[in-house]
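Each protein sequence line maps, in turn, to chains A and B.
Just so you know, the working numbering puts 135 at position 116 of the first sequence, and the rest follows in order with no gaps.
Just so you know, the working numbering puts 223 at position 31 of the second sequence, and the rest follows in order with no gaps.
No residue lacks a Cβ here, since even glycine has one placed at the ideal position from N, Cα and C.
What follows is a set of notes on a single structure, which appears directly below.
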Amino acid sequence: MNLDFIGRFHPLMVHLPIGILALAAILEYLFPKRTSPAQIQLVLLIGSVSSVLAAILGWFLSLSAEYDVDLLNKHKWTGIILSFFTVALWAWKYKGSDFSKFKIISNLLFGSMLLFLVLAGHYGGSLTHGLDFLSIDNLKYSDKNLSNFAFVPVTGTTNGSVYDKLITPILSEKCYNCHNPNKTKGNLKMQTYAALLKGGKTGPAIVAGDALHSELVKRTLLDLDDKKRMPPKGKKQLTSNEITLLKWWINNGASERTSISEAIKNDTIHTFLAASSEKSEPSLGLPPIKKADSLVLLKLKETLWEVNSISKGSPYLDVNAVSLSSLSNQQLNVLQEIKDNIAWLNLANTQINDQAFKFISQCKNVLKLNLANTNTSSIAVNDLKKISKLQYLNIVGTRIDDAGLTELCEMGSLKNIYCWSSKVTPNGVESCKKKYPKVKIDIGEDYILVKK
Amino acid sequence: MNFLQENKQKMDELQKIQYNAKRRDFLLGSAIGLGGMALQGLIGCKSKPEAVKKGNKISEPAEQENRPLGSPHFMPTAKRVIYLFQSGGPSQMELFDYKPMLYKMHGKEIPPSVMGANRVSGMTSNQYSFPLAMPACNFSQYGSNSTYLSELIPHTASIVDELCIVKSMVTDQINHEPAMIFTQTGNQLSGRPCIGSWLSYGLGSMNQNLPAFIVMLSKGGGDQPISSAAWSSGFLPSYHQGVQFLSVKDPVLFLKTPDGVERLDRRRALDFIKQFNIVQNEKWQDPEIESQITQAEMAYKMQMAVPDILDFSKEPKHILDMYGPDVTKPGTFAHNCITARRLIEKDVRFVQLYHLGWDHHGSISSGIRKATKQTDQASAALVKDLKQRGLLDDTLVIWGGEFGRTSFSQGKLTPEGFGRDHHPGAYTTWMAGGGVKAGLVYGQTDDFAHNVVKDKVHVHDFQATLLYMLGIDHEKFIYKNEGRRYRLTDVHGQVIKDIIA
Chain A
20 MNLDFIGRFH PLMVHLPIGI LALAAILEYL FPKRTSPAQI QLVLLIGSVS SVLAAILGWF
80 LSLSAEYDVD LLNKHKWTGI ILSFFTVALW AWKYKGSDFS KFKIISNLLF GSMLLFLVLA
140 GHYGGSLTHG LDFLSIDNLK YSDKNLSNFA FVPVTGTTNG SVYDKLITPI LSEKCYNCHN
200 PNKTKGNLKM QTYAALLKGG KTGPAIVAGD ALHSELVKRT LLDLDDKKRM PPKGKKQLTS
260 NEITLLKWWI NNGASERTSI SEAIKNDTIH TFLAASSEKS EPSLGLPPIK KADSLVLLKL
320 KETLWEVNSI SKGSPYLDVN AVSLSSLSNQ QLNVLQEIKD NIAWLNLANT QINDQAFKFI
380 SQCKNVLKLN LANTNTSSIA VNDLKKISKL QYLNIVGTRI DDAGLTELCE MGSLKNIYCW
440 SSKVTPNGVE SCKKKYPKVK IDIGEDYILV KK
Chain B
193 MNFLQENKQK MDELQKIQYN AKRRDFLLGS AIGLGGMALQ GLIGCKSKPE AVKKGNKISE
253 PAEQENRPLG SPHFMPTAKR VIYLFQSGGP SQMELFDYKP MLYKMHGKEI PPSVMGANRV
313 SGMTSNQYSF PLAMPACNFS QYGSNSTYLS ELIPHTASIV DELCIVKSMV TDQINHEPAM
373 IFTQTGNQLS GRPCIGSWLS YGLGSMNQNL PAFIVMLSKG GGDQPISSAA WSSGFLPSYH
433 QGVQFLSVKD PVLFLKTPDG VERLDRRRAL DFIKQFNIVQ NEKWQDPEIE SQITQAEMAY
493 KMQMAVPDIL DFSKEPKHIL DMYGPDVTKP GTFAHNCITA RRLIEKDVRF VQLYHLGWDH
553 HGSISSGIRK ATKQTDQASA ALVKDLKQRG LLDDTLVIWG GEFGRTSFSQ GKLTPEGFGR
613 DHHPGAYTTW MAGGGVKAGL VYGQTDDFAH NVVKDKVHVH DFQATLLYML GIDHEKFIYK
673 NEGRRYRLTD VHGQVIKDII A
């Protein structure tokens, strides 16, 4: 059993004294009347033992030499001093009853202990999570950029080098956490180009011109269970696209300066850039809300409603009455409990009429609404206008007329209106199109063969 | 009273089965016990017998595998698909891919640099000369982007602004059957699930009264073979295979209950049979028994839902006219197109049409005129009809075959008699609706429409993109069978995001 291994229990042990010593202080100062000195003594005894144990384990862990020496020293010594104060405090309290008039000494000891508890804890945190972990700037930065850090859209016209703009973001996202000046696993730092060339325990990370003999690439291709696999199992892995890019960069000299405009001439890199700047997957663009009760959904399905989540995990629903041709206004009430969850609503070919819109207008998150072939007239428009997010509206075969169409166009949110075989006239459509060019209105255009 | 008696009788019969089962168990257990266990593992029964569970370690599928997705991975832009499959290999040179060079070099040998090391089919492999042949028709420019299209497809030309024309399709196979199976299942050999089955399995039906996947073949096209392997569910539960509507007056047989049989009787008979099936299922755990139960229920529901769909009497004349004169003849492409629209209106997930008759090895000039006459008007009408109903928004229409044709002549180059051989290296497919970019021409071939020079779209890329539009990440849509994980795109496929709006 080597000491290094035992040392790995330090992160586990270290949380005990933090909690227990804090508890001692809380009992002593916040609940003096409810605790006896003997009880506090006992808490302090457990605290002392655990803090000394944690310090010893920490010492073992520090032998692995994977951490920044400066920061490590700070953590080590604050930790040792903390143990010292804890033991001293316990010893003092042990004799407490005799020296009770020297309350000030007890207070001083408590104060110092807490101070070093905070210091040692903070330095320890900085060692594992990085120096900038506890800063507001960092938080803002990660919120905005972390998710698409590796995918900054890069095009042929982007200035800068492949290393700066493409390689660094990948390494930063997937490698820096364990290979930085503060935490140097395998004695490898990666944050500068020079550090990569210098490498770690097993030699340089990159061998220019030979990707498959470069540790940087080799390690990513090992079996996931292999001890040398990087990033190790459980950590975020490199994508095949990223590995392709790393390979290409190393095989082509691993230069710090190759510019993007030059690299994009190559097919591999062109494909990579095309892939990395691609749009993200389509989404509804609605805020997260509470999911609908699954029992309610089950009941709806039993009564022939077709209810499906828009996508996995989404609280929003696609609600469809395709099998309910006899659906009446009153029967819409079953949707009451899920009304906020409905994003797409299809009521085409049902028996609903203008009175139904009292309820429908309460479904405030509906983006697509299909009313085709229902007994809907322009009277419903007033209510329809309350669905403020509505983007797609199908009024094919309804009795909505030109006046209704104009009002709908005023809403602003609508992008597509389908009004074929309704009471809307081609003239009405024309004037709406002129007034509201952003709304696409389809009245079933005649497709004429346009030869050029 | 009658009812009680009936119930008692039912119980007796059930008990008999159970008793018989017990009696047989011993024999079965000792005779085929071990072999049976192995077999069950091989044919993929759902829950394995106790002994296997405890003893031999069989690699179990992971939590997420072999489970329908239920909902898509992300928001779909297309909820339904109509795939107008043009079987036989429509010639890209006569339809979509305008190449002036072919007129100029008519009769000259195809340059070796263009021909390359491309595979030719057995039908031209003993040909010594490969003379280029100019298209058997003229081209004009149509639509707001002045897209060149053949005069043979005027109706399609009229909707060119709705289409996304992919000119750079590429496949791996040069013969019909494997190429078609490849397009439909992602594998050249039959046996894997086709696109419609994958979708039916993964996303399920959107209308409890109709199957999620319906297939229609049109007659009167051509005579090259087409096999039901193209709409097979492969290793997926068999109720996900395409339900075929026949090309006759009654596309679905036995929709009407016979005289003297009440619908209630049907229901009771079904319930009774179901009980037997459930008993069998408890014993054998064979997913095919579940398929059988589901199919019977579906057939019962279809008796109600289908007659309504096949009744065109309420279709106004101007709508029928849009689809062309064939629309009233059951089994024609036009008839199937309007049926497809009616099915889509009922939210059927995947409607697959097959039109044969694009295999023009000889006399392409007359052959392609016949094929376009049968398909052009109805294809375009379907897109227009969906659009005016507001359904094109989330319905993807695909029009294309299994491969293209050669720019050189098969056989002797005579104006009327010349033909074109199979060519997997470049062909054209168009899509409309469902979130594709309208009015886009994607990809480019060389001056001879022989090789793709820009934005190649391999069949696997096409399939990945199709799934993407339905909200599915093709790399995460996996089914494990016989110890191997399968995807529609196998281990290939890149989503072509450039064609998505």
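Practice task
Round the Cβ separation of Thr587/B and Gly626/B to the nearest angstrom and send it over; I've been treating them as touching at under 8 Å.
Solution key: The residue labelled residue 587/B in the question sits at position 395 within the second sequence. The residue labelled residue 626/B in the question sits at position 434 within the second sequence. So it is a contact: roughly 6 Å between Cβ atoms.
Problem - Between the CA atoms of Ser432/A and Leu354/A - distance to the nearest angstrom - result: One-based indexing of the first sequence puts residue 354/A at position 335. One-based indexing of the first sequence puts residue 432/A at position 413. Annotation: Leu354/A to Ser432/A spans about 24 Å, alpha carbon to alpha carbon.
Exercise for the section: Would you check if the region 674-682 of chain B and the region 326-333 of chain B touch, i.e. whether three or more CB-CB distances between them fall below 8 Å? Expected result: No: the two stretches stay apart, fewer than three of their Cβ pairs being nearer than 8 Å.
Problem - Pairwise C-alpha distance: Ile530/B and Ala570/B - result: Here residue 570/B corresponds to residue number 378 of the second sequence, with the count starting at 1. Here residue 530/B corresponds to residue number 338 of the second sequence, with the count starting at 1. Looking at the two C-alpha atoms, the distance is approximately 8 Å.
Problem - Residues of its chain near Lys163/A, where Cβ-Cβ distance is below 6 Å and the 5 sequence neighbours each way are ignored - result: Within the first sequence, numbered from 1, the residue matching residue 163/A stands at position 144. Its pLDDT being 37, under 50, Lys163/A is placed unreliably by the model, and the measurement read from it follows with that caveat. Cβ-Cβ distances below 6 Å link Lys163/A to nothing in the same chain once the five nearest sequence neighbours on each side are left out.
Handout entry: Other residues of its chain near Ile692/B: CB distance less than 8 Å, five sequence neighbours each side excluded
Key = Residue numbering aside, residue 692/B sits at position 500 when the second sequence is read from its first letter. Excluding its 5 nearest sequence neighbours in each direction, Ile692/B has C-beta neighbours in its own chain below 8 Å: Thr269, Gly627, Val628, Lys629, Thr657, Tyr660 and Met661, listed in chain order.
Problem - Proximal residues of chain B, C-beta to C-beta of Asn394/A below 9 Å - result: By one-based count along the first sequence, residue 394/A stands at place 375. Close to Asn394/A, with beta-carbon spacing below 9 Å, lies no residue of chain B; the smallest spacing is near 17 Å.
Problem - Amino acids of chain B, ordered along the chain, whose beta-carbon sits closer than 7 Å to that of Gly463/A - result: In the first sequence, counting from the first residue as 1, residue 463/A sits at position 444. Per Cβ cutoff of 7 Å: Gln580.
Exercise for the section: Count the other CB atoms, across all protein chains shown, that sit within 10 Å of the CB of Asn167/A; report buried if there are 16 or more and exposed otherwise. Expected result: Within the first sequence, the letter at position 148 stands for residue 167/A. Only weak support exists for where Asn167/A lies, its pLDDT of 38 falling under 50; the coordinates are left without a value.
Exercise for the section: Name, in chain order, the residues that DSSP records as bridge partners for Val338/A. Expected result: As a first step, residue 338/A is located in the first sequence; it is residue number 319 there, counting from the start. When DSSP reads this structure, Val338/A sits in a beta bridge with Val326/A and Leu364/A.
Practice task
Using beta-carbon positions only, say whether Gly452/B and Gly262/B come within less than 8 Å of one another.
Solution key: For this step, residue 452/B is matched to residue 260 along the second sequence. For this step, residue 262/B is matched to residue 70 along the second sequence. Not a contact, by the Cβ cut-off of 8 Å.
Problem - Where Ala391/A meets chain B, residues with beta-carbon distance less than 8 Å - result: For this step, residue 391/A is matched to residue 372 along the first sequence. Residues of chain B with a Cβ closer than 8 Å to the Cβ of Ala391/A are, in chain order, Arg581 and Gly582.
Practice task
Would you identify the three-state DSSP class for Lys672/B, choosing helix, strand or coil?
Solution key: To locate residue 672/B, count along the second sequence from 1; it is residue 480. Per DSSP, reduced to three states, the secondary structure at Lys672/B is strand.
Practice task
Please compile the residues from chain A whose C-beta is within a distance smaller than 9 Å of the C-beta of Asn330/B.
Solution key: Mapped onto the second sequence, residue 330/B falls at position 138. Near Asn330/B there are no residues of chain A at all, since even the closest Cβ is about 11 Å away, more than 9 Å.
Problem - First through last residue of the alpha helix (DSSP H) which encompasses Gln365/B - result: Translated into positions along the second sequence, residue 365/B becomes position 173. Here Gln365/B belongs to no alpha helix (DSSP H), and DSSP marks it neither H nor E.
Problem - alpha helix (DSSP H) runs wholly inside the region 249-320 of chain B, at least 4 long, in chain order - result: Runs found: 284-287, 292-296 and 304-307.
Practice task
Report yes or no: do three or more beta-carbon pairs, one from the region 631-641 of chain B and one from the region 309-323 of chain B, lie closer than 8 Å?
Solution key: The region 631-641 of chain B, when compared against the region 309-323 of chain B, does not touch it at the 8 Å Cβ threshold.
Problem - For Thr369/A, the three-state DSSP class (helix, strand or coil) - result: Reading the first sequence from its first residue, position 350 is the one you call residue 369/A. Coil at Thr369/A, not helix or strand.
Problem - Partner residues on chain A for Thr269/B, Cβ-Cβ distance less than 9 Å - result: By 1-based counting over the second sequence, the position of residue 269/B is 77. The contact set of Thr269/B on chain A, defined by CB atoms closer than 9 Å, consists of Pro301 in chain order.
Practice task
Rounded to whole angstroms, what's the CA-CA distance from Thr203/A to Asp23/A? Just pull it up for me.
Solution key: Along the first sequence, one-based indexing puts residue 203/A at 184. Along the first sequence, one-based indexing puts residue 23/A at 4. Each residue's Cα considered, the two are about 15 Å apart.
Practice task
Examine the Cβ distances between the region 418-426 of chain B and the region 376-391 of chain B and report whether three or more of them are shorter than 8 Å.
Solution key: A contact exists between the region 418-426 of chain B and the region 376-391 of chain B.
Exercise for the section: Measure the CB-CB distance between Gly412/B and Thr524/B and report whether it falls below 8 Å. Expected result: Locating residue 412/B in the second sequence gives position 220, counting from the first residue. Locating residue 524/B in the second sequence gives position 332, counting from the first residue. A contact, by the Cβ cut-off of 8 Å.
Exercise for the section: Using 10 angstroms around the beta-carbon of Glu594/B, count the other beta-carbons present and answer buried if the total reaches 16, otherwise exposed. Expected result: For the purposes of this step, residue 594/B is identified with residue 402 of the second sequence, where counting begins at 1. Result: buried.
Handout entry: Opening and closing residue of the beta strand (DSSP E) in which Asn92/A lies
Key = In the first sequence, counting from the first residue as 1, residue 92/A sits at position 73. From DSSP, Asn92/A is part of no beta strand (DSSP E) but of the alpha helix (DSSP H) over Val88 to Tyr113.
Practice task
Would you list, in chain order, the members of the region 327-354 of chain B that have their beta-carbon closer than 7 Å to a beta-carbon of chain A?
Solution key: Within the region 327-354 of chain B, the qualifying residues are Ser332, Gln333, Tyr334, Gly335, Ser338, Pro346, Ala349, Ser350 and Ile351.
Exercise for the section: State the Cα-Cα distance for the pair Ala139/A and Ile100/A, rounded to the nearest angstrom. Expected result: Counting from one through the first sequence, the residue named residue 139/A turns up at place 120. Counting from one through the first sequence, the residue named residue 100/A turns up at place 81. Using only the alpha carbons, I get a separation of about 9 Å.
Handout entry: Arg455/B classed as buried or exposed, judged by whether at least 16 other C-beta atoms fall within 10 angstroms
Key = Position 263 of the second sequence, counting from 1, holds the residue named residue 455/B. With fewer than 16 Cβ atoms within 10 Å of its Cβ, Arg455/B is classed as exposed.
Exercise for the section: For chain A, find out if any of its Cβ atoms is closer than 8 Å to the Cβ of Asp539/B; answer yes or no. Expected result: For the purposes of this step, residue 539/B is taken as residue 347 along the second sequence, with counting starting at 1. Interface annotation, Asp539/B: in contact with chain A, CB-CB separation under 8 Å.
Practice task
Using beta-carbon positions only, say whether Gly663/B and Phe266/B come within less than 8 Å of one another.
Solution key: For this step, residue 663/B is matched to residue 471 along the second sequence. For this step, residue 266/B is matched to residue 74 along the second sequence. With a cutoff of 8 Å on beta-carbon distance, Gly663/B and Phe266/B are scored as near each other.
Problem - Cβ-based contacts, 7 Å cut-off: residues of the region 307-327 of chain A near chain B - result: So the close ones are Leu323, Glu325 and Asn327.
Exercise for the section: With Ala624/B as the anchor, note down where its beta strand (DSSP E) starts and where it stops. Expected result: The count along the second sequence starts at 1 and reaches residue 624/B at position 432. Unbroken beta strand (DSSP E) run through Ala624/B: Tyr619 to Ala624.
Handout entry: Nearest-angstrom beta carbon gap, Pro522/B and Lys441/B [assumed within contact, 8 Å]
Key = Counting from 1 along the second sequence, the entry for residue 441/B is found at position 249. Counting from 1 along the second sequence, the entry for residue 522/B is found at position 330. The pair is a contact, with the Cβ atoms about 5 Å apart (cut-off 8 Å).
Practice task
Measure how close the beta-carbons of Cys428/A and Lys454/A come, nearest whole angstrom, since I'm counting them as under 8 Å.
Solution key: The residue given as residue 428/A occupies position 409 in the first sequence. The residue given as residue 454/A occupies position 435 in the first sequence. The C-beta distance from Cys428/A to Lys454/A rounds to 7 Å, short enough to meet the 8 Å contact threshold.
Handout entry: Of the listed residues Lys442/A, Val33/A and Leu386/A, nearest to Ser407/A (C-alpha basis)
Key = Within the first sequence, residue 407/A is the residue found at index 388, counting from 1. That would be Leu386/A, whose Cα lies nearest to the Cα of Ser407/A.
Handout entry: Sheet register partners of Arg597/B (DSSP bridge)
Key = For the purposes of this step, residue 597/B is taken as residue 405 along the second sequence, with counting starting at 1. Residue pairing for Arg597/B: DSSP places it in a beta bridge opposite His614/B.
Exercise for the section: Spatial neighbours of Leu323/A within its chain, please: CB distance less than 7 Å, with the 5 preceding and 5 following residues excluded, ordered by chain position. Expected result: Taking the first sequence and counting its residues from 1, one reaches residue 323/A at position 304. Answer for Leu323/A: Ser342 and Leu343, listed in chain order.
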